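Heads up: the protein sequence lines correspond to chains L and W, in order.
Read left to right, the first sequence gives residues 1 to 442 (my numbering).
Read left to right, the second sequence gives residues 1001 to 1213 (my numbering).
Data first, discussion second: the structure below is written as structure tokens.
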Amino acid sequence: MTDQRFSDERYQLTDEKAALALDVLRQRLNRQLEASLEVCVRCGLCAESCHYYVANPKPEHVPAYRAEQLRKVYRHLFDPMGKAAPGWVGAAELDQEMIDKLMMAAFGTCTMCGRCVLNCPMGVDTRQIIRTARAMLTAIDMTPEGLKATVNVHLQDGNNMGVGEEDYVETVQWMEEELQAELDDPNVKIPFNKKGARVVYTFNPREVKYFPYLIQAAAKVFNAASEDWTLSTESWDATNYGLFNGDDSAARQIAANLEGAVNHLGAETLVMAECGHGYRSQRWEGENWVGHRYPFRVMSFVELQALYIKEKRFKLDPSVNNERVTYHDPCNQARSGGIIDEPRYVLRHVTTDFVEMTPHGAENFCCGGGGGMLSMSEFSKERIAAGKVKADQITATGAKIVVTSCHNCLDQLDEIKRHYKLPVKIQNLSELTAAAIIWEKK
Amino acid sequence: MTFLEITHIFALIGLATGLVGILARINEILHRPYKQDLARPRGNVRRGVVYAFTLGMAPWEKESTREHWVAYIRGILFHVGIFTAFAVLLASPWLDLLPAWVKWIGLAITGAGAVFGFAGIAMRLRGPNERVLSLPDDYFSVFLTSLFITLAFIVLLVPAWLPLFYIVTGVMGAYIPISKIRHCVYFFYSKFFFGSGFGRRGVIGQAKSEYSE
């Protein structure tokens, strides 16, 4: 491999690896993928929809260019003209040079945010094409190290940061005590493994390890709403990096673990923590991965907060959040999940000065932290450079607080803030909701 | 048999070849597995599909087409020109019977379509991204189709050019399934999947939610 970041032997293509990667393409070629591979007319209108391109406008950053790398392989394999006149129709063999290009296109410069999909006049699903390329590379052990390790740790330890059950339980209990002390209310509880609870709640392991105050915020919301809720010790990690490495069998296993935990507790609703890809994985992809419908409903904590406010389950004092606030839509939650109005509904009730970014909602720009990018340190430089688009969006709002509802976004926004020296605070939605709740002892 | 009749048959053979190729392509995609979505819908799938094929194609609906409205409108008019050229092809044995106002409308549309078709080649050559993205087949396909529209325009004025129109039609017809022109088949699949996917998730084409302002 010419790129020194991938000089390790496992990134060298062999005949066996090439055959295996092509098999993956053959297996995954369904109607949706074929339509997307065939329909692109290479008009290039998708260019400015990509934050990588806007930050660094070069042809390699045009979404159609990235997808074209896999198309070349596809044409060589499936198109008679690809064999007869490869130069004429842009067909190419899967050789080392093509692997290098696929690595950069699929892992290095695409967060699979889907903004180009929404902006394509032909309806090309570049997300699906890129995820297929990632699946091919993962099948031949060419996943970047950090992403590979994240999935492996999750499969091995039950969560992606290898948090042990004792640490998990102790951290939650500590937060329960803190919350009881803060509210001067011993009735506040964070229940574990409560059979028959209506709601099972999940966490991103980062909350347990680095941001335990978010556990406290969620617990305050649930207790204020008098929700019948519980945590599980069997499976509690909301994340699923199988979405990012393209490995459906790993994604299936992770989704099934969470499904099993909810089924064993007999809950009617699984609530995903404020984790964009975790929500998308379990809500939209999980049932397709496991191959059946869950016997329970899956929803985001963002949706639940909006529902509680609509049902007036607690009183709010928005004046405690009186600084100017803007909201960053996580791609996996808004564009790939339809959760657009709910966070705004919450913010209008828990803050006094909410302003929108331009653009926002389904058309919002990716912050650069999606697609598992934060786990792939090989591409940090490109990731931070692409974050310039988001930095400019934030600056234009004049906001003091940037709210989001996704941990990868939270981390990327924090890096953007430091790198571009933005005078803002980055917070999760539930932090603001929890702060605005007027506590009433039950 | 006259030269005109020979070229007429050539056009029919070319179009028939193209049709067989297109049917083979449709047969191929229909034999691929269809990925059923098991996730519970959040939005209305039908509304998403209708949006994808109607309002979703309006130039103001997407950021990309708002920013590149010249390129987008050019493309739209080019395609309107193609459809009109096919209408001219269908009417070609009876061109003398067409009312003058129909001919004038046909001339306006095919004239614009031809200009915008060739302009597409120029835009591909001028744009740095488009130049990198474009394949030889892209240039040839747009050229061939633009030539087809140009000849439709010419035969409306000078029916003596019909033989050349038929020859180009035959070549283009046979070329459709093996070139990028076949996107005309996949467009309907792609737009359907786009509309149903984003519609199901409540992202496009939906009524206002209970949380919207």
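A virtual CB, placed ideally from N, CA and C, is assigned to each residue, including glycine.
All of these numbers come straight from a predicted model, not from anything done at the bench.
According to the DSSP assignment, L:MET376 belongs to no beta strand (DSSP E), since it is labelled neither H nor E. Nearest CB-CB separation between W:MET1057 and chain L: below the 9 Å threshold.
For the set W:SER1196, W:PHE1140, W:GLU1210 and W:SER1212, the Cα lying nearest the Cα of W:ASN1044 is the one of W:SER1196. Where L:TRP174 is concerned, there is no enclosing beta strand (DSSP E), although the alpha helix (DSSP H) around it starts and stops at 165-183. Within the segment 1122-1140 of chain W, contact with chain L at the beta-carbon level (separation under 7 Å) is assigned to GLY1127, PRO1128, ASN1129, GLU1130, VAL1132, LEU1133, SER1134, LEU1135, PRO1136, ASP1137 and ASP1138.
Using a CB distance below 9 Å, the part of the segment 282-298 of chain L facing chain W consists of ARG283, TRP284, GLU285, GLY286, GLU287, ASN288, VAL290, GLY291, HIS292, ARG293, TYR294, ARG297 and VAL298, ordered along the chain. The contact set of L:ASP125 on chain W, defined by CB atoms closer than 9 Å, consists of SER1190, PHE1193, PHE1194 and GLY1197 in chain order. Collapsing the DSSP output to three states places L:MET81 in a helix. When secondary structure is reduced to three states using DSSP, W:PHE1148 falls in the helix class. Leaving aside the five residues that flank W:GLY1106 on each side, the residues in its chain whose CB is nearer than 7 Å to its CB run, in chain order, THR1084, VAL1088 and LEU1156. Contact with chain W is absent for L:PRO423, since none of that chain's Cβ atoms lies less than 9 Å from the residue's Cβ.
Residues of chain W with a Cβ closer than 7 Å to the Cβ of L:ASP341 are, in chain order, SER1209, TYR1211 and SER1212. Taken atom to atom, the span from the alpha-carbon of L:GLU287 to that of L:TYR294 is near 7 Å. In the DSSP assignment, no residue is bridged to W:PHE1194. Residue-level contact by beta carbon holds for L:CYS40 and chain W, with a gap shorter than 9 Å. Following the DSSP letters along the chain, one finds L:VAL200 inside the beta strand (DSSP E) bounded by residues 199-201. Note on L:GLY278: 16 or more other CB atoms within 10 angstroms of its CB, so buried under the neighbour-count rule.
No Cβ-Cβ contact shorter than 9 Å links L:LEU13 with L:GLU363. Per DSSP, L:ILE394 has no beta bridge partner at all. For W:LEU1030, the closest Cβ of chain L is nearer than 9 Å.
The way I'd put it, the segment 1152-1167 of chain W does touch the segment 1090-1107 of chain W; three or more beta-carbon pairs between them come closer than 8 Å. For W:ALA1100 and L:GLU342, the gap between their C-alpha atoms comes out near 58 Å. Remark: C-beta atoms of L:GLY162 and L:VAL153 approach each other more closely than 9 Å. Taking one beta carbon from each stretch, the segment 1076-1083 of chain W and the segment 1135-1155 of chain W have 3 or more pairs nearer than 8 Å; the two touch. Taken through DSSP and simplified to helix, strand or coil, W:GLN1206 comes out as coil. Residues GLU378 of the same chain have their beta carbon placed closer than 6 Å to that of L:ARG5, with the five preceding and five following residues left out of the count. Listed in chain order, the non-local C-beta contacts of L:TRP289 below 7 Å within the same chain comprise ASP248, ALA251, ARG252 and ALA255, local neighbours out to five positions each way being set aside. When beta bridges are read from the DSSP output, L:PHE192 appears opposite L:LEU231. By the Cβ neighbour-count rule, W:ILE1006 is exposed, with fewer than 16 other Cβ atoms within 10 Å of its own. Scanning its chain for C-beta atoms nearer than 6 Å, with the 5 sequence neighbours on each side dropped, one finds around L:ASP317 the residues ALA436 and ILE438, in chain order. The beta carbons of L:HIS292 and W:LEU1038 sit closer together than 9 Å. For the options W:ILE1204, W:TYR1211 and W:PHE1010, the alpha carbon positioned closest to that of L:ARG335 is the one of W:ILE1204. Contact check for L:HIS76 against L:THR109 fails: the beta carbons are separated by 9 Å or more. Look at W:ASP1037 here: in three-state DSSP terms it is coil, with no helix or strand label. Taking C-beta separations shorter than 6 Å and ignoring five residues to either side along the sequence, the partners of L:ILE190 in its chain run VAL172, GLU176 and ALA219, following chain order. Close to chain W, meaning a Cβ-Cβ distance shorter than 7 Å, are the following residues of the segment 88-100 of chain L: TRP88, VAL89 and GLY90.
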